[in-house]
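Let me begin by presenting the structure, written as structure tokens, before commenting on it.
2 protein chains.
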Amino acid sequence: MNIAIVGLGVIGGSFAKGLQAAGYTNVYGIDVSESTLKIAVDQGMIKKGFIEANDILQDMDVIMISLYPNQIAPFVEQHKNRLKDGAVLTDVTGVKTTIIEKVSNILPSTVDFVFAHPMRGSEKQGIIGADHKRFIGANALITPIATNKEASLQLIEKLYKEIGFDQVTRVSPEKHDEQIAYVSQLMHVLSVAVVNSQQASEETLTYAGNSFQELTRIADINAELWSELFLNNRTGLLKSIEHFEIELDALKHTLEENDDERLKAIFRQATNKRREWY
Amino acid sequence: MNIAIVGLGVIGGSFAKGLQAAGYTNVYGIDVSESTLKIAVDQGMIKKGFIEANDILQDMDVIMISLYPNQIAPFVEQHKNRLKDGAVLTDVTGVKTTIIEKVSNILPSTVDFVFAHPMRGSEKQGIIGADHKRFIGANALITPIATNKEASLQLIEKLYKEIGFDQVTRVSPEKHDEQIAYVSQLMHVLSVAVVNSQQASEETLTYAGNSFQELTRIADINAELWSELFLNNRTGLLKSIEHFEIELDALKHTLEENDDERLKAIFRQATNKRREWY
């Protein structure tokens, strides 16, 4: 089986490494950077690298597009006439409904596209940060669409499992975007807003403990990537912020009213829910 | 030197262990629970335990009050006529100005009170969770007041250092409460509001990654303790929430306006500031 990884960034590079480690020898890389391709070949992550996708795409059985959200549909548009019959394309982005809509409009019926989301990002960038061990024990989501063949879905699920993913769960694209807005995008919103607060200063670390360090970790954020993720899921993220604000207002109200009974009830509700999860 | 720890919870117990490990043999415990005192003696954390503080307080050179914020002034009030001349009292609570005000009004001039805040809490509770190693490398804050003797401040600083604290910094009580509202209390507000969101469900963990797990860790919160911490610092915490909301609104606005340039600028500002810290 010939596999192409399009975009050898930290995620694409990690997948290349993982596929090699799982025994797939015919893994090829496509990237705009010569030096990235050289590193990937030198480190045994790919068999061969290409700047021009057209030079190899027609021979690929699986094409893993590890590009930014807004680059996926243009990539498909540009290369759709060169794809092998029966090829399975897949992506790795953290938003789904808008990407699916754009890709579905242009995808040839001779190929299949399995939309997927490996849920183990990285604060690192570029092939230098690639490490397939990050995926061991991680979860992934697959968002099937009506035209997907069952065999295509199972193929991508199999590759993820072989690379080390633990749970690979099928969910609807709409549910995916709604929940990702809550569990991931909202966390980044809060972290960024905390760090940007006017109360932040050079002295902050004199006062900060573990929770501040943990909560602000993801404020070190890839602006190009996350602006695309946020804006491709604007409605979902705004909804998550609004739900959050309801609870924030409830907490504020207890402070304004000096209401210790209500405040304790809010804390107990959170404690109980958190303990159900972890 | 005779040292009493009042309240052998997770923090008081950890201090008892730490003082023993640092070579202080005359460490005594005062607690309302017989079984807690028995554990403390059996594990060599204290030399002897007392239910009645009056049985030993008059012989103590250092009295570390490891009680909840609202219990400190009443404890001092109850025992102020039994304190040894020159005794140094200290507390371990995360709020300062309101506690200082209450205690200052009743403290005999024959003793000194060094208000301190060891900044390494625990999600554990009770003596079972006591572990002095938690303090190794941690920071602490001391908030001097006008009546403090320099020798008293240095004594408490010395004990903290001997237990393993790294930085022990003197700051004003007002500055302490303002900054703690931002770096600690606000983190707990956000975490609790996230967990209490109506979007939380049994399925949440299917979607959640590292950031959700980290950010919600502190939503497992000691309701009795944190309601006292919040309400003793209401004004400061409300101010921190308001500063946070300004940044949250700025982010929301970029989503509503689909403004990717402004959104990227916000992300870059956060990234730069976060990298100055860690």
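Protein chains in written order, with my numbering: chain A, 1 to 278; chain B, 279 to 556. Cβ atoms here follow ideal geometry from the backbone N, Cα and C, with glycine treated the same way.
What does DSSP give as the partner residue(s) for residue i in the beta ladder?
i                           : result
phenylalanine 50 of chain A : A/Ile30
isoleucine 343 of chain B   : B/Val284, B/Asp369
alanine 116 of chain A      : A/Ile142
arginine 268 of chain A     : DSSP output for arginine 268 of chain A lists no bridge partner at all.
valine 168 of chain A       : A/Ala140
Contact check, residue i vs residue j under 8 Å by CB: the rounded distance?
i                         : j                           : result
asparagine 417 of chain B : methionine 397 of chain B   : 5 Å
isoleucine 65 of chain A  : phenylalanine 75 of chain A : 6 Å
alanine 548 of chain B    : isoleucine 180 of chain A   : About 20 Å; that fails the 8 Å criterion.
alanine 282 of chain B    : isoleucine 334 of chain B   : 6 Å
valine 189 of chain A     : leucine 529 of chain B      : 6 Å
leucine 516 of chain B    : alanine 193 of chain A      : The pair is not a contact, with the Cβ atoms about 16 Å apart (cut-off 8 Å).
glycine 291 of chain B    : isoleucine 434 of chain B   : Not really, about 18 Å apart at Cβ, beyond 8 Å.
asparagine 511 of chain B : aspartate 455 of chain B    : 5 Å
tryptophan 555 of chain B : threonine 204 of chain A    : 7 Å
leucine 83 of chain A     : threonine 110 of chain A    : 7 Å
alanine 294 of chain A    : valine 6 of chain A         : Here chain A covers residues 1 to 278 and nothing more, so residue 294 of chain A does not appear.
arginine 546 of chain B   : alanine 40 of chain A       : About 28 Å separates the two Cβ atoms, so there is no contact after all.
glycine 415 of chain B    : aspartate 390 of chain B    : That pair is no contact at about 28 Å.
asparagine 2 of chain A   : aspartate 85 of chain A     : Not quite, the Cβ-Cβ distance comes to about 14 Å (not below 8 Å), so this is no contact.
arginine 274 of chain A   : alanine 486 of chain B      : Between alanine 486 of chain B and arginine 274 of chain A the Cβ distance is about 12 Å, and since that is not below 8 Å, they are no contact.
How about residue i: is its C-beta nearer than 8 Å to some C-beta of chain B?
i                            : result
tyrosine 278 of chain A      : yes
serine 14 of chain A         : no
asparagine 196 of chain A    : yes
phenylalanine 135 of chain A : no
threonine 204 of chain A     : yes
alanine 130 of chain A       : no
lysine 96 of chain A         : no
lysine 124 of chain A        : no
asparagine 232 of chain A    : no
glutamate 101 of chain A     : no
leucine 229 of chain A       : no
glutamate 247 of chain A     : yes
leucine 255 of chain A       : yes
leucine 237 of chain A       : yes
leucine 215 of chain A       : yes
Output yes if chain A places a C-beta closer than 8 Å to the C-beta of residue i; else output no.
i                         : result
alanine 478 of chain B    : yes
alanine 490 of chain B    : In the sequence under discussion, the amino acid at residue 490 of chain B is phenylalanine, which differs from the alanine named in the question. Taking Cβ atoms only, chain A reaches closer than 8 Å to phenylalanine 490 of chain B, which makes this a yes.
glycine 487 of chain B    : yes
alanine 630 of chain B    : Nothing can be reported for residue 630 of chain B: it is not among the residues displayed for chain B, which extend from 279 to 556.
aspartate 369 of chain B  : no
histidine 521 of chain B  : yes
methionine 323 of chain B : no
isoleucine 496 of chain B : yes
glutamate 536 of chain B  : This sequence places asparagine at residue 536 of chain B; glutamate is not what is there. Judged by the 8 Å Cβ criterion, asparagine 536 of chain B is in contact with chain A.
lysine 530 of chain B     : yes
serine 518 of chain B     : yes
- Query: Does the pairing of the segment 189–199 of chain A with the segment 521–533 of chain B give three or more beta-carbon distances under 8 Å?
  - Reply: Output reads yes: the segment 521–533 of chain B touches the segment 189–199 of chain A.
- Touch test, the segment 91–98 of chain A against the segment 19–31 of chain A, Cβ-Cβ under 8 Å, three pairs minimum: Judged by Cβ distances under 8 Å, the segment 91–98 of chain A makes no contact with the segment 19–31 of chain A, as fewer than three pairs qualify.
- Task: Determine which residues of the segment 168–193 of chain A have a Cβ less than 9 Å from any Cβ of chain B, and write them out in chain order.
- Result: Residues passing the 9 Å Cβ filter: Thr169, Val171, Lys175, His176, Glu178, Gln179, Ile180, Ala181, Tyr182, Val183, Ser184, Leu186, Met187, His188, Val189, Leu190, Ser191, Val192, Ala193.
- Query: Along the segment 11–43 of chain A, what residues have a CB closer than 8 Å to any CB found in chain B?
  - Reply: Listed in sequence order: no entries.
- Okay, do the segment 110–118 of chain A and the segment 181–195 of chain A touch, 3+ Cβ pairs below 8 Å being the bar? The segment 110–118 of chain A makes no contact with the segment 181–195 of chain A, as fewer than three CB pairs between them are under 8 Å.
- Message: Under 8 Å, CB to CB, which of the residues in the segment 337–355 of chain B have a partner in chain A?
- Response: Listed by position, the residues of the segment 337–355 of chain B near chain A (Cβ gap below 8 Å) amount to none.
- Query: Can at least three beta-carbon pairs, one atom from the segment 34–46 of chain A and one from the segment 16–23 of chain A, be found at a separation below 8 Å?
  - Reply: Using a Cβ-Cβ distance cut-off of 8 Å, the segment 34–46 of chain A and the segment 16–23 of chain A are in contact, since at least three pairs of beta carbons, one from each stretch, lie closer than that value.
- Task: May I ask you to verify whether the segment 490–508 of chain B touches the segment 426–441 of chain B, counting CB pairs closer than 8 Å and requiring at least 3?
- Result: By the Cβ rule, the segment 490–508 of chain B does not count as touching the segment 426–441 of chain B, because fewer than three pairs are nearer than 8 Å.
- Compile a chain-ordered list of the residues in the segment 149–166 of chain A whose CB is closer than 7 Å to at least one CB of chain B. Of all residues in the segment 149–166 of chain A, none has a C-beta nearer than 7 Å to a C-beta of chain B.
- Message: With three or more C-beta pairs closer than 8 Å as the rule, is the segment 530–548 of chain B touching the segment 217–233 of chain A?
- Response: Verdict: yes, contact present.
- Message: What are the residues in the segment 385–400 of chain B lying within 8 Å of chain A by C-beta distance?
- Response: The residues in question are Met397, Arg398, Gly399.
- Item | Stretch pair the segment 405–422 of chain B + the segment 444–452 of chain B: three plus CB contacts closer than 8 Å | Cβ pair count under 8 Å is three or more, so yes.
- Does the segment 85–96 of chain A touch the segment 122–137 of chain A, meaning 3 or more C-beta pairs lie closer than 8 Å? When C-beta atoms of the segment 122–137 of chain A are compared with those of the segment 85–96 of chain A, fewer than three pairs fall below 8 Å, so the two segments do not count as touching.
- At least three beta-carbon pairs within less than 8 Å, the segment 328–342 of chain B to the segment 355–370 of chain B: A contact exists between the segment 328–342 of chain B and the segment 355–370 of chain B.
- Task: Compile a chain-ordered list of the residues in the segment 262–278 of chain A whose CB is closer than 7 Å to at least one CB of chain B.
- Result: Shown in chain order are the members of the segment 262–278 of chain A whose Cβ falls below 7 Å from a Cβ of chain B: Leu263, Lys264, Ile266, Phe267, Arg268, Gln269, Ala270, Thr271, Lys273, Arg274, Arg275, Trp277, Tyr278.
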